[in-house]
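Residue numbers (the numbering used here): 33 to 658. Backbone N, C-alpha and C define an ideal beta-carbon position, used for all residues, glycine too.
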Amino acid sequence: MQFHVNGFHPGSPDIHTIAKGYESIQGELPEEVDVLIIGSGPAGLTLAAQLSQYPEIKTRIIEKKAAPMVLGQADGVSCRSMEMFEAFGFAQKVLKEGYWVNETNFWKPDEKNLENITRDTRVQDVKDGLSEMPHIVLNQARIHDMYLELMKNSPTRLEVDYNHSLVDLEFDEINKEYPNLAQIDCNGKTKTIKAKYVVGCDGARSLVRKSISRELKGDREGQAWGVMDVLVKTNFPDIRFKNIIKSANKGNILLIPREGGQLLRIYVELDKLKQRGESKNITLDRLIEASKEIFHPYEIDVKETAWWSVYEVGHSLTDKFDDVLESEIENKNPHVFIAGDACHTHSAKAGQGMNVSMGDTFNLAWKLISVLTGKSDESLLHTYSAERRAIAQALIDYDHKWARVMSAPIDNKTVSVKDHFVEGGTFTAGLSVQYEKSILTGNNKYQNLAKGFDIGKRFHSAPVVRLGDAKPIHLGHTVKIDAKFRIYAFADSSNPMDISSKIYKLCDYLESSEKSPILKYTKKDEDIDSVISVYSIFQQHHHDLEFENLPSLLKPLIGKYGLKDYEKMYCPDLKNDNDIFNIRDIDRKKGCIIIVRPDQYVANILPLDAYEELEVFFSNIFLLRD
33 MQFHVNGFHP GSPDIHTIAK GYESIQGELP EEVDVLIIGS GPAGLTLAAQ LSQYPEIKTR
93 IIEKKAAPMV LGQADGVSCR SMEMFEAFGF AQKVLKEGYW VNETNFWKPD EKNLENITRD
153 TRVQDVKDGL SEMPHIVLNQ ARIHDMYLEL MKNSPTRLEV DYNHSLVDLE FDEINKEYPN
213 LAQIDCNGKT KTIKAKYVVG CDGARSLVRK SISRELKGDR EGQAWGVMDV LVKTNFPDIR
273 FKNIIKSANK GNILLIPREG GQLLRIYVEL DKLKQRGESK NITLDRLIEA SKEIFHPYEI
333 DVKETAWWSV YEVGHSLTDK FDDVLESEIE NKNPHVFIAG DACHTHSAKA GQGMNVSMGD
393 TFNLAWKLIS VLTGKSDESL LHTYSAERRA IAQALIDYDH KWARVMSAPI DNKTVSVKDH
453 FVEGGTFTAG LSVQYEKSIL TGNNKYQNLA KGFDIGKRFH SAPVVRLGDA KPIHLGHTVK
513 IDAKFRIYAF ADSSNPMDIS SKIYKLCDYL ESSEKSPILK YTKKDEDIDS VISVYSIFQQ
573 HHHDLEFENL PSLLKPLIGK YGLKDYEKMY CPDLKNDNDI FNIRDIDRKK GCIIIVRPDQ
633 YVANILPLDA YEELEVFFSN IFLLRD
């Protein structure tokens, strides 16, 4: 983390200087905004927290509830979401507070007495090497708190407008700049807001979705599940492990320990429902009694229930996540988007709802920023629906299978829960996402140059040592919520201090050639790394390189004083036998360029001297700057 770039500032570096125009306390909704976010759940806050860093973008977020969330709902945080939280800067807080899911235990009916359960097997929850981050369990409300704190400390001091609800949303074809007219109920008074873009994060009953004539289509399985957060006294031996428990004929349980050492979340399979809405008649006592029967012969005494609910397993999806028809894509750009439960719903047991919802708006945020700051054409926004709907479909397909496996009777013909769990480990960690070829994702022509960085998948971090100060860090943690593309140049086997080396020539081209994408898309009064930031990873030990003898692009002058940036160059962590070139199978002889998107996904892999292909790739994303 760099601060003092534009002068010394005392106090916490997490608290940004208030931007000009935001000095006073946030007042009533203005008549015009750039982005209006409806709903302050995980999707809405992920978007708002990122937009709050940009004073030039007028953002407001409204919520119909009276106050922030306190209890309940989602609690599973995938490895991928933890990687995303690192970019936001609060991953360490989540790691400190949350429950780490290290192992998952599987229980089955005892063959000697089918009324009892017995432990079947244990498995490691996250496979070694899958991510530097663990699978975490933490109350959704605490995740909200961290986003809200980030917004409060941002240059805009953005806050959620509570007791504000969307009444109606219309499209004004005459007003090209602010085409959305949103009627908002503000504490009983109706106000009309003009917005360039509206993002509906307003749940499964989304009014934003209805306003753009999108419909959730899917199915209901008629299977009821209860969920409760409880404090218990029990003799069940694995109470602080994640457990999947299948009884002979009493139903099934998914047991997830919560943060704090005592709290538990118990998902209880209930009877098949005969008709829609029947779940409303299920009581907490019924959940507790069903749990006791499934845990037999172990005793479970519920002392306190912090929160509980009953839901019916169902899956639904909209055909598109924006307001543009497929037939209009060539001629019209989107101005209304939907995210999270507003466009896809599924069961809670796979633990993906909050994670995929946050992934939706993490994808959308940098695209809105790029368009609203003039870096990219508005047509870039079409990629949001194209990319994220495919991910939602994959989630629903997985959840269908998981729901069937969880509810299936135990016999030799069905896939075991354990086998399905292990098979889906990469998916549930959030790491199976792979975006298809597009203007943002290249083809696999040069994939062999870096076999451990799959094009279209997230940038899989690995340990490195920073050359400027010998600090061991994870390379993936250099990606922040700054909407920048990043070029990671992995040097070939030659001496990088030699001006004839490929890495030196690449940096010289990027810094001085009139064809350089950095110079073409960066304004003259901006820091050279403000749009595309370049890093290099060398093969040598950091003791064998001289900082000042390396390319000047890798030590750019930044901020109002033109201070040198010491955080662009890295070496393998040879002391701990963590050589990133080996770990990620990078061609040592040739090296390569890895382009990483602002949302941490690998956009392309190119040879170190593929200047023309580099130019073509970025020409499809950015607009020429003055």
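Helix, strand or coil at residue i [DSSP, three-state]
i    : result
H45  : This sequence places Pro at residue 45; His is not what is there. Residue state, collapsed to three classes: coil.
N38  : coil
Y54  : coil
D234 : coil
L305 : For L305, the pLDDT reaches just 49, beneath the cut-off of 50, and the residue's location in the model is therefore unreliable, although a value from the coordinates is still provided. L305: coil per DSSP, three-state reduction.
K15  : Any question about residue 15 goes unanswered here, given that the chain covers just 33 to 658.
M260 : strand
L499 : coil
N480 : helix
S348 : strand
I320 : helix
F369 : strand
G457 : helix
T188 : coil
G391 : helix
S379 : coil
Residue interval of the alpha helix (DSSP H) (run including residue i)
i    : result
P329 : Here P329 belongs to no alpha helix (DSSP H), and DSSP marks it neither H nor E.
Q172 : 172-184
E135 : No alpha helix (DSSP H) holds E135; the beta strand (DSSP E) holding it covers 135-142.
C539 : 534-544
R518 : Element bounds for R518: not the alpha helix (DSSP H) but the beta strand (DSSP E), 517-522.
E202 : Run containing E202: none in the alpha helix (DSSP H); it sits in the beta strand (DSSP E), 196-203.
A418 : 414-439
CA-to-CA distance, residue j to residue i, given in whole angstroms
i    : j    : result
G500 : K512 : 19 Å
E580 : K587 : 9 Å
K96  : I69  : 12 Å
L77  : V155 : 34 Å
M33  : A322 : 50 Å
L681 : F268 : Any question about residue 681 goes unanswered here, given that the chain covers just 33 to 658.
L413 : I612 : 34 Å
S562 : G591 : 11 Å
D429 : I50  : 45 Å
G235 : I564 : 35 Å
Y459 : E60  : Note that residue 459 is Phe in the sequence shown, not Tyr. Those two C-alpha atoms are separated by around 43 Å.
D619 : P528 : 16 Å
T415 : L396 : 9 Å
G108 : R629 : 25 Å
S197 : V449 : 42 Å
W257 : H432 : 15 Å
D270 : N137 : 8 Å
I401 : Y86  : 8 Å
V342 : N387 : 21 Å
I225 : E64  : 6 Å
F491 : Q632 : 6 Å
D617 : D514 : 28 Å
A227 : L201 : 10 Å
Same chain only: Cβ atoms within 6 Å of residue i, ignoring 5 sequence neighbours per side
i    : result
Y179 : L77, A81
P366 : D354, D355, V356, L413
V465 : I423
E543 : L585
S497 : One point to set straight first is that residue 497 is Val, not Ser, in the sequence displayed. So the list reads P504, H574, C603, D605, once near-sequence residues are dropped.
C375 : T350, F353
R518 : S565, V628
A280 : P141, L146
Element boundaries [beta strand (DSSP E), containing residue i]
i    : result
P504 : 504-506
N148 : 145-156
K278 : 274-278
Q215 : 212-218
L286 : 284-289
N636 : 634-638
V628 : 624-628
V566 : 564-569
7 Å Cβ shell around residue i - same chain, five flanking residues per side excluded
i    : result
E331 : T266, N267
Q105 : Q172
N185 : D46, I47, H48
F117 : A123, V126
Residues near residue i by beta carbon distance below 8 Å, same chain, minus five either side
i    : result
G250 : G346, H347, S348, L349, T377, I428
S408 : K399, S402, I653, F654, L655
Residue i Cβ short of 8 Å to the ligand FAD heavy atom set
i    : result
I276 : Because no ligand of any kind appears in the structure shown, any question about the ligand FAD cannot be addressed here.
*Of all the alpha helix (DSSP H) runs that stay within the bounds of the region 102-130, which reach a length of 4 or more residues?*
The DSSP assignment places complete alpha helix (DSSP H) segments of no fewer than 4 residues inside the region 102-130 at 111-120, 123-129, in order along the chain.
_In chain order, what are the residue ranges of uninterrupted beta strand (DSSP E) at least 3 long that sit wholly in the region 573-620?_
As far as the region 573-620 is concerned, its whole beta strand (DSSP E) runs of at least 3 residues are 601-604.
*Along the chain, which unbroken stretches of the beta strand (DSSP E) at least 3 residues long are found entirely within the region 69-95?*
Qualifying beta strand (DSSP E) stretches, in chain order: 91-95.
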